[in-house]
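Asks: For the protein sequence lines, the chains are A and B, in the order given. FYI, in my numbering the residues of the first sequence are 129 to 687. FYI, in my numbering the residues of the second sequence are 184 to 490. Built from N, CA and C at the ideal position, the CB exists for glycine as well. Treat the numbers as computed from the prediction; the structure is a model and nothing was measured. Okay, handing you the structure first.
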Amino acid sequence: MATALRDLPPADAARLEIEAFLEANQKKSLLRFITCGSVDDGKSTLIGRLLYDSKLLFDDQLATLRSDGRRLGGELDLASLVDGLAAEREQGITIDVAYRFFATARRKFIVADTPGHEQYTRNMVTGASTADLAVILIDARQGVLTQTRRHSFLCRLLGIRGLVLAVNKMDLVGWDRARFDAIVADYEAFAREAGIGDFTAIPLSGLKGDNVTGRSAAMPWYEGPSLLEHLETVDVAPRRAAEAPFRMAVQWVNRPDQDFRGYAGRIASGRVRVGDAVAILPAGTRSTVARIVTFDGDLAEAGAGRSVTLTLADHVDCSRGDLIASPDAAAEPASRLDATLVWMAEEALIPHRAYWLKIGASTVSASLSAPGAVIDVNSMAEGAAPTLRLNDIGRVAVDLDRPVPAVAYADDRRLGGFILIDKVTHETVAAGLVERVSAGAGRRVGAARSEAGEILWIGGDGTADRAACAARVAGRLKAAGRHVFLLDAEVLGGLVGDLGADEAARAEIVRRAREVALLMSRAGVDAILAVEALAQEAWPGRVIDPAQGDGEEADQWVI
Amino acid sequence: MNAPASFARDRLTHLDELEAESIEIMREVVAETERPVMLYSIGKDSAVMLHLARKAFFPAPPPFPLLHVDTTWKFRDMYALRDRVAAESGMALIVHRNPEAERLGINPFDHGALHTDMWKTEGLKQALDLHGFDAAFGGARRDEEKSRAKERIFSFRSASHRWDPKNQRPELWSLYNARKGPKETIRIFPLSNWTELDIWQYIYAEDISIVPLYLAAPRPTVERDGLILMVDDDRFPLRAGEVPVERSIRFRTLGCYPLTGAIESEAETLAEIIQEMLVATTSERQGRAIDRDGAASMERKKQEGYF
Ligand SMILES: Nc1nc2c(ncn2[C@@H]2O[C@H](COP(=O)(O)OP(=O)(O)O)[C@@H](O)[C@H]2O)c(=O)[nH]1
Chain A
129 MATALRDLPP ADAARLEIEA FLEANQKKSL LRFITCGSVD DGKSTLIGRL LYDSKLLFDD
189 QLATLRSDGR RLGGELDLAS LVDGLAAERE QGITIDVAYR FFATARRKFI VADTPGHEQY
249 TRNMVTGAST ADLAVILIDA RQGVLTQTRR HSFLCRLLGI RGLVLAVNKM DLVGWDRARF
309 DAIVADYEAF AREAGIGDFT AIPLSGLKGD NVTGRSAAMP WYEGPSLLEH LETVDVAPRR
369 AAEAPFRMAV QWVNRPDQDF RGYAGRIASG RVRVGDAVAI LPAGTRSTVA RIVTFDGDLA
429 EAGAGRSVTL TLADHVDCSR GDLIASPDAA AEPASRLDAT LVWMAEEALI PHRAYWLKIG
489 ASTVSASLSA PGAVIDVNSM AEGAAPTLRL NDIGRVAVDL DRPVPAVAYA DDRRLGGFIL
549 IDKVTHETVA AGLVERVSAG AGRRVGAARS EAGEILWIGG DGTADRAACA ARVAGRLKAA
609 GRHVFLLDAE VLGGLVGDLG ADEAARAEIV RRAREVALLM SRAGVDAILA VEALAQEAWP
669 GRVIDPAQGD GEEADQWVI
Chain B
184 MNAPASFARD RLTHLDELEA ESIEIMREVV AETERPVMLY SIGKDSAVML HLARKAFFPA
244 PPPFPLLHVD TTWKFRDMYA LRDRVAAESG MALIVHRNPE AERLGINPFD HGALHTDMWK
304 TEGLKQALDL HGFDAAFGGA RRDEEKSRAK ERIFSFRSAS HRWDPKNQRP ELWSLYNARK
364 GPKETIRIFP LSNWTELDIW QYIYAEDISI VPLYLAAPRP TVERDGLILM VDDDRFPLRA
424 GEVPVERSIR FRTLGCYPLT GAIESEAETL AEIIQEMLVA TTSERQGRAI DRDGAASMER
484 KKQEGYF
């Protein structure tokens, strides 16, 4: 791109030419990809090469490149171009996701560069969450390794469609075709087993530049595209996103005055046209799209990926977090999700503790079951474990305190992914993928509050405090015409009579009390639990803290 | 961007995608924080950021004020554009000048690094504290500098405005976690994924107003320490023997005029600027005297709270 312009004289003809060039350049598409490899596979060198060869490096960056020293047998140290934070550089490793940019005449590229060391799952999942394509690096001398399988598994998990197997360092195996073919056959066998679809294998040398931006003279036997040619032309557009039903999470309600009420959001999938019938979820209300408002004028229609503001023909109740969707795509409101979690925090998952869950534009309180299975990223085997630790991947059931319109991740990467947030530290502790939405299961507690009874946990330290508070709450609910039942140690008597007085017994009492409360709730009775429970045991339902008073406003939602 | 209906069926261009992403980020911030503010530095990145904000909240004006952390040493053309643009956008404009720097007469000629530190770094902290802003939009891009490549879109700062590289959150999909402790603040960079070229192309495509200093014109200059400086007003102390010379110059970045180096150029139109940029051999930050000291300097400044 840069070279094409270098010789133009600054005359009028040239001006027309540059304008034509700009027009064309504005029509470039965007490709986001991730590079995965183990330490020393040559990832940094390859990215450096792409940046260098796309000629978007400037002289002072090149000067740094040289002054940063470390020349390698006369070659530029391309890897140093993509080095990062000073502290990390001292350790000689990169420890997070870095984003690099380069462009050709056809496309702009955003590269998520993630490190290859052991603590990589969290970073790779972060980088992969926004990638359309993955370049999986293999050292030609080593072939398919455990790490290769691990990277491929994570890419598949995160729903990346385009996969490139970059067989690097071909110069070190004498540009040997048989070696390349053997690696590809090996990977093919693994891919079949792992449920990985198509992939494109390219033999290359990041260091020498062969098959990176141009075809390699050293490997005439290879007839496919160079890596850059492939990246420029590959079609990874989520075809399905355009054909999929219209869905948009409402981020913000725009109310500049009494006459205008717009719903602002980014279209997750499908297309929307003025006059289309839509459903507002989770309520299920129906309306019609009146206008698609943008700063540049109203649109007749808009498709996936655009940020728009919709107005509706009717005055309906619609707020942040709601989904506006085509009626036939109406995602079932769910208060229980089956999900795969990638744990990202130092502190392990605590089953039944309340976390914030952010999905689409809604944030709800959620509690997690103990993991049903933990997946070994190397072998993909599923095993049992009591919890999930940093970089673990496992399957859990998630209970939400109110129903959200959920979509499976396989159907929609934008709406089927979620994050979990620690309520105290505010850290993002996990990434989640919705596997299955169970609409019915959740009704038990959250969905249909009119039918099901409420479950209320009385907090506080002293038995006397609890009893007094429980009595007040029971009185208030009865006055409101509810059926109420108080569960305390005395009432539970016979049901827990076989238990001792130690910590294990106390936890078991809580468990049994919870089960009784759930049965009562299903029968339409509000259950008040006045037992000695830890904060993380007080689920589902909500906790009332006697110290905070027990008015409605003071209630703290916990599930 | 506006596209006819038949066109809308086609795939989004890279600028469409970047625009939609930035708008999405801004709406999240408005929905999830209490008192957001947009840092407006009057440069081309700020111009694009402000334009995107107007798009994000249209037909309402952006629901936050603009904050200019002033040093009193910006180019005169910058002040003129600032006041015009703020009026057009319908947003409140807050101009903050560090009163202590003002009292001590801190200036770039006599005080070197202290100038940036007091007016910009301290000034910014003061302004955020004074108005109780808990979230500030900034126009930084990841392609500006190597250490920025890892900066998050949502960047958390402690109560004392320090940036802790070890305590930043992973950003997955477009699900931004904006939760924070009572005294913590967030810097949000909605232009993270834009490159300098994207910025220019967008300005060109959307016809966004920028400070005329980005375009070449004959201007009074002196050459000092390898930088071409513009003599923008009579506060510029000429050294013995220095006589301002008229040169055709333009600026690739704009800051305090005594600290901002110009390049000699004949590029009088946006198209020509983009052309020059594509064949450029000097990356953007080199025009800023502040970035000259070592590869890790930017990071250090960030940890200290420099934006
Ligand atoms: N011979 C050869 N060496 C390479 C190639 N790519 C990378 N290397 C070398 O392998 C080592 C590790 O490369 P680097 O890019 O730092 O790997 P990373 O850890 O994956 O980022 C360095 O010494 C590189 O010079 C290649 O294609 N051929």
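Looking at the secondary structure, which residues open and close the alpha helix (DSSP H) in which Thr274 of chain A lies?
Replies: Thr274 to Leu285
Asks: Strictly by DSSP, which residues pair up with His279 of chain B?
Replies: B:Val252
Asks: Which one or two residues does DSSP pair with Glu406 of chain B in a beta bridge?
Replies: B:Ile411
Asks: Report yes or no: do the segment 350 to 366 of chain B and the segment 288 to 307 of chain B share at least 3 C-beta pairs separated by less than 8 angstroms?
Replies: no
Asks: Apart from the five residues on each side of it in sequence, which residues of its chain come closer than 6 angstroms, Cβ to Cβ, to Asp654 of chain A?
Replies: Gly581, Glu582, Leu605, Arg610 and Val612
Asks: Using a C-beta cutoff of 8 angstroms, does Ile446 of chain B count as contacting chain A?
Replies: With 8 angstroms as the cut-off, Ile446 of chain B does not count as an interface residue toward chain A.
Asks: The segment 406 to 440 of chain B: which residues have C-beta closer than 9 angstroms to a C-beta of chain A, in chain order?
Replies: none
Asks: By the criterion of Cβ-Cβ separation under 8 angstroms, what are the contact partners of Met472 of chain A in chain B?
Replies: Those are Pro353, listed as they occur along chain B.
Asks: State yes or no: is the C-beta of Pro244 of chain B within less than 8 angstroms of the C-beta of Ser272 of chain B?
Replies: yes
Asks: With a Cβ-Cβ cutoff of 8 angstroms, do Ala203 of chain B and Gly433 of chain A count as a contact?
Replies: yes
Asks: When every heavy atom of ligand 1 is checked, does at least one fall within less than 7 angstroms of the C-beta of Lys329 of chain B?
Replies: No - ligand 1 has no heavy atom lying nearer than 7 angstroms to the Cβ of Lys329 of chain B.
Asks: In whole angstroms, give me the CA-to-CA distance for Arg324 of chain B and Asp199 of chain B.
Replies: 17 angstroms
Asks: Could you please tell me which residues of the segment 377 to 389 of chain B, in chain order, have their CB closer than 8 angstroms to any CB of chain A?
Replies: Thr378, Leu380, Asp381, Gln384, Tyr387 and Ala388
Asks: Tell me the rounded alpha-carbon separation between Thr274 of chain A and Leu265 of chain A.
Replies: 12 angstroms
Asks: Going by other Cβ atoms of all chains shown within 10 Å of its Cβ, with 16 needed for buried, is Glu555 of chain A buried or exposed?
Replies: buried
Asks: Using a Cβ cut-off of 8 angstroms, pull out every chain B residue sitting near Gln688 of chain A, in sequence order please.
Replies: Outside the modelled stretch of chain A, which goes from 129 to 687, sits residue 688 of chain A, for which no answer is possible.
Asks: Check whether the Cβ of Pro395 of chain B lies closer than 8 angstroms to any Cβ atom in chain A.
Replies: Answer no: the Cβ-Cβ gap between Pro395 of chain B and chain A never drops below 8 angstroms.
Asks: Assign His443 of chain A to buried or exposed, taking buried as 16 or more other Cβ atoms, counted over all protein chains shown, within 10 Å of its Cβ.
Replies: It is exposed - the Cβ of His443 of chain A has fewer than 16 other Cβ atoms within 10 Å.
Asks: Restricting to Cα atoms, I'd like to know which of A:Gly500, A:Arg517, A:Trp349 and A:Gly325 is closest to Asp309 of chain A.
Replies: Nearest to Asp309 of chain A by C-alpha distance, out of A:Gly500, A:Arg517, A:Trp349 and A:Gly325, is A:Trp349.
Asks: DSSP puts Arg235 of chain A in a beta bridge; with which residues?
Replies: A:Ser157
Asks: Who does Met460 of chain B pair with in a DSSP beta bridge?
Replies: Paired residue(s): none; Met460 of chain B is not in a bridge.
Asks: Does any CB atom of chain B fall closer than 8 angstroms to the CB of Tyr227 of chain A?
Replies: Tyr227 of chain A belongs to the set of residues whose beta carbon lies under 8 angstroms from a beta carbon in chain B.
Asks: Quick one: list the residues of chain A neighbouring Asp326 of chain B, beta-carbon separation under 7 angstroms, in chain order.
Replies: Phe229
Asks: Using a threshold of 8 angstroms, state whether the C-beta atoms of Leu332 of chain A and Asp326 of chain A are closer than that.
Replies: no
Asks: In three-state DSSP terms, what is Asp654 of chain A?
Replies: strand
Asks: Taking Cβ positions only, does Pro242 of chain B come closer than 8 angstroms to chain A?
Replies: yes
Asks: Restricting to Cα atoms, I'd like to know which of A:Leu335, A:Ala658, A:Ala632 and A:Gly170 is closest to Asp267 of chain A.
Replies: A:Gly170
Asks: May I ask you to report which of helix, strand or coil DSSP gives Trp302 of chain B?
Replies: Correct three-state label for Trp302 of chain B: helix.
Asks: Check whether the segment 461 to 478 of chain A touches the segment 646 to 653 of chain A, counting contact only when three or more Cβ pairs, one atom from each stretch, lie closer than 8 angstroms.
Replies: These segments do not touch.
Asks: Since His279 of chain A meets chain B, which of its residues come closer than 9 angstroms, beta carbon to beta carbon?
Replies: Those within 9 angstroms of His279 of chain A in chain B number zero; the least Cβ separation is about 17 angstroms.
Asks: Determine, using beta carbons only, whether Asp456 of chain A and Pro373 of chain A come nearer to each other than 8 angstroms.
Replies: yes
Asks: Can you pull the chain A residues whose beta carbon is under 7 angstroms from the beta carbon of Trp346 of chain B, in chain order?
Replies: Result: empty, since nearest Cβ-Cβ is about 11 angstroms, beyond 7 angstroms.
Asks: Give a yes or no on whether 8 angstroms exceeds the smallest Cβ distance from Lys83 of chain A to chain B.
Replies: Residue 83 of chain A is absent from the model: chain A starts at 129 and stops at 687.
Asks: What residues in its chain sit with their C-beta under 7 angstroms from that of Gly255 of chain A, if we drop five residues either side in the sequence?
Replies: Ile162, Val225, Ala240 and Thr242
Asks: Measuring CA to CA, which of B:Asp228, B:His344 and B:Thr443 is closest to Ile391 of chain B?
Replies: B:Asp228
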